[in-house]
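Single-structure report; data block below.
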Amino acid sequence: MPFSAPPPASGERYALSASLDNARHLSSLLRAVHFQDHATCLATASGLRVTVEDAKCIQANAFIQAEIFQEFSIQEESVMFRISLSVLLDCLTIFGTSSLPGTSTALRMCYRGYGYPLMLFLEEGGVVTVCKIHTQEPEELLDFDFCSTKVVNKIILQSEGLREAFAELDMTSEVLQITMSPDKPYFRLSTFGNAGSAHLDYPRDSDLMEAFHCNQTQTNRYKISLLKPSTKALALSCKVSIRTDAQGFLSLQYMIRNEDGQICFVEYYCCPDENITEAEL
Amino acid sequence: LSRIGDELYLEPTESGLSLRAVNSSRSAFASFLFAPLFFQLYEPGGAGPDTELFRCKVHMKSFLGVFRSLPSLEKSVGKCLILLKPRASRLVLQLHCKYGVTKTHNLAFQECERLQAVFDTQRCASCLCAPARVLAEAVVHFPPTLAEVTLGTGPGGKISLRNYVEDEAEPSKTMVTELWLAEDEFQSVAVAPGSHITFCLKEFRGLLSFAEASNLPLTIHFDEPGRPVIFTLDDTVLEVHLVLATLSDLESNSQSPSTNGVSHLPAPSDDFADDLESYMAAMETSEGCSEGPRSPTFPLCTPRPAKSKPQQQEEEEEEEEEEEGAVPGTPPHKKFRSLFFGSVMTPGRPGPATAQEVLAEDSDGE
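Each protein sequence line maps, in turn, to chains A and B.
The first sequence begins at 1 in UniProt numbering and counts up one residue at a time.
The second sequence begins at 1 in UniProt numbering and counts up one residue at a time.
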């Protein structure tokens, strides 16, 4: 049940203020990108985007549209700050992470502006918790310059088919090799670990394949340690789109349906591994 | 098999695919033979009638990694193709899954010699057969950390199971658990009265869970202490053997030193020659078996030149008993006798190419 926080004493309005009946709609999505301690939050009129980066090679974004919130008001064109994602998640799940049916944590989020902490008001079963999280100067984010016009290969798969594969990836392999081709093997995930190599092939006519648009045979390798966190997003999602551009940059977009049936997106961008060697077969 | 050893030996034969394992101290050996009928397609290969079928060994962990999650495998995998590619040095395991998805694993393998323990169920004085469930329920009473258990026969045809306690253990600090099973719990009982054997429980538990899961009766062949105990499971398409060394009773061992491999029964020398013929030849000669100090359970298994005198073998064994736990990974008790992995050289018959230790010679020294 949403409740309103007291307005700031000076009469100014909050730069960002939002209410959410079920904090899980936000926390589950944020967990899907939680592979680094810090995240950059960007709020615009369309909603909230939380970005996490690592090694200057990988970037994950969680998008929560304004429509998901019961109330979403922003006074400036955009509001951006850096915050500890670990702390934010701990606060959002302060009443526990197990989801009992019927109970949910209500959230109200307020941000006065640059230099001010992010205020969270969480309520469950009549108990209210107030959290104040320090915000930091936002850092420059990577721009992968990935746009749909430059996409060479694109596949949309039902997540069900990939979930087990990603969960069981041979982590003794340094890389995950992705092959996309208009010819066999169409879509192949390969690892080269201590035991030997392993290949996972998805044919283009598989029931799992929702869309198959491959124009060119491409084989790219990505550091497996960077991609492994995307398994969390995969686990939540119902569909995933896999795209590569001419330089081998990878875009993974996950369509996630929350408990209320609303759609949110999480995307991962990854650079190809520079130490390319001949692939083992 | 993974409860026994770290390496999986794959040996295709005309009568099926044999998967085997042996433990580091050579006191446990297991083999699973899957008949050709078990498979949809079975082609053991071989270029011609005279060439030996290729065999190899792979790391147990690598192989098990392919079949990681059994429940989901059952739901999603339609068929599994196993190909041995000697030229590419790869064992290929290909799983054909739901939705047309194919998972291909290319595992590195090592060539190896034939791994075969020497045993003969016919020579065992006692034999028990019981549904796996009965034994599983009996074994559950023992702590999971228990190393050895003693199986014995008692009055009224009852069978006992008791945890083995080392002589050095303090009586006040040890707990002894003993349970008795009535003859009617078994499907068949043919035992020499008053017999008992002590073997390693841990290695047996692995087979027991398999037997329970596949709902097969378990047959136990045993003889005197010191001679191996053989557990078998039989099915139309599967034959399983688990051979475990047993603790020998040194006090009652008044026989000649080279008791390994030779029947304790006072057999005339004619039987002795027959025994030799029934022994299998190959010795495991790959790198893995020569690491560390010699196992007290098994003096063989090294690339060193064979020592051919039984008397010397006895001396070795005496020396070994003085070593205190020198060998890592051996069964805890020093008195375990070994399994039979050697080839036996009959006087006059050309022996195999590799140097072998003679386990038994003509018993004219007795």
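Beta carbons are placed, not taken as given, at the ideal position from N, Cα and C, and that holds for glycine.
- Annotation: the continuous beta strand (DSSP E) that includes Met255(A) extends over 250–257.
- With a threshold of 16 other beta carbon atoms within 10 Å, Ala182(B) falls short and is exposed.
- In this structure, the beta-carbon distance from Tyr222(A) to Asp273(A) falls below 8 angstroms.
- Contact between Leu161(B) and Leu218(B) does not hold, since their C-beta atoms are separated by about 13 angstroms, which reaches or exceeds 8 angstroms.
- An exposed status is given to Gln216(A), since fewer than 16 other beta-carbon atoms sit within 10 Å of its beta-carbon.
- For Asp143(A), the closest alpha carbon among the candidates Ile156(A), Glu124(A), Asn153(A), Val52(A) is that of Val52(A).
- Remark: C-beta atoms of Val240(A) and Leu157(A) approach each other more closely than 8 angstroms.
- Under the 8 angstroms criterion on CB atoms, Glu164(A) is classed as interfacial with respect to chain B.
- Rounded to whole angstroms, the gap between the alpha carbons of Ser72(B) and Arg123(B) is 44 angstroms.
- Using beta-carbon distances, Asp54(A) does not count as an interface residue toward chain B, since no partner is under 8 angstroms.
- CA-to-CA, the gap between Leu1(B) and Met171(A) works out to about 24 angstroms.
- The C-beta of Ser181(A) comes no closer than 8 angstroms to any C-beta of chain B.
- For Leu107(B), the chain A residues whose C-beta falls within less than 7 angstroms of its own C-beta are Ala195, Gly196, listed in chain order.
- Against chain B, the beta carbon of Asp145(A) has no neighbour under 8 angstroms; the closest one sits roughly 33 angstroms away.
- At least 8 angstroms separates the beta-carbon of Ile159(B) from that of Leu146(B).
- Annotation for Gly206(B): the continuous alpha helix (DSSP H) segment containing it runs 201–214.
- Per the Cβ contact rule, the segment 231–238 of chain A is in contact with the segment 256–268 of chain A (3 or more Cβ pairs under 8 angstroms).
- Here Ala211(A) is exposed, its C-beta having fewer than 16 other C-beta atoms within 10 Å.
- In this structure Phe34(B) does not touch Leu8(B) by the C-beta definition: roughly 13 angstroms separates them, more than the 8 angstroms allowed.
- The beta carbon of His96(B) sits no closer than 8 angstroms to any beta carbon of chain A.
- Going by DSSP, Asp90(A) is part of no beta strand (DSSP E) but of the alpha helix (DSSP H) stretching over 85–92.
- Beyond the five residues adjoining it in sequence on each side, Phe166(A) comes within less than 6 angstroms, by CB distance, of Thr231, Leu234 in the same chain, given in chain order.
- For Ser28(A), DSSP records no beta bridge to any residue.
- Chain A has a Cβ within less than 8 angstroms of the Cβ of Ser72(B).
- In the DSSP annotation of this structure, the continuous segment of the alpha helix (DSSP H) that includes Gly65(B) starts and ends at 60–66.
- Counting of Cβ neighbours within 10 angstroms places Met209(A) among the buried residues, the total reaching 16 or more.
- For Arg133(B), the secondary structure class from DSSP, reduced to helix, strand or coil, is helix.
- Within the segment 194–225 of chain A, those residues whose Cβ lies closer than 8 angstroms to any Cβ of chain B are, in chain order, Asn194, Ala195, Gly196, Ser197, Ala198, His199, Leu200, Asp201, Tyr202, Pro203, Asp205, Ser206, Asp207, Leu208.
- When DSSP states are grouped into helix, strand and coil, Lys103(B) belongs to the strand group.
- For Arg90(B), the C-beta contacts it makes with chain A under 8 angstroms involve Gly196, in order along the chain.
- Residue state for Ser25(B) is assigned as coil, using DSSP reduced to three classes.
- For Arg133(B), the nearest beta carbon of chain A is not closer than 8 angstroms to its own beta carbon.
- When CB distances to chain A are screened at a threshold of 9 angstroms, not a single residue of the segment 195–227 of chain B falls below it.
- Nearest C-alpha to Leu176(A) among Lys184(A), Arg188(A), Pro182(A): Arg188(A).
- Under the criterion of beta carbons closer than 8 angstroms, Val149(B) and Leu201(B) qualify as touching, at roughly 5 angstroms.
- Interface residue (Cβ-Cβ distance to chain A less than 8 angstroms): Arg68(B) is classified as such.
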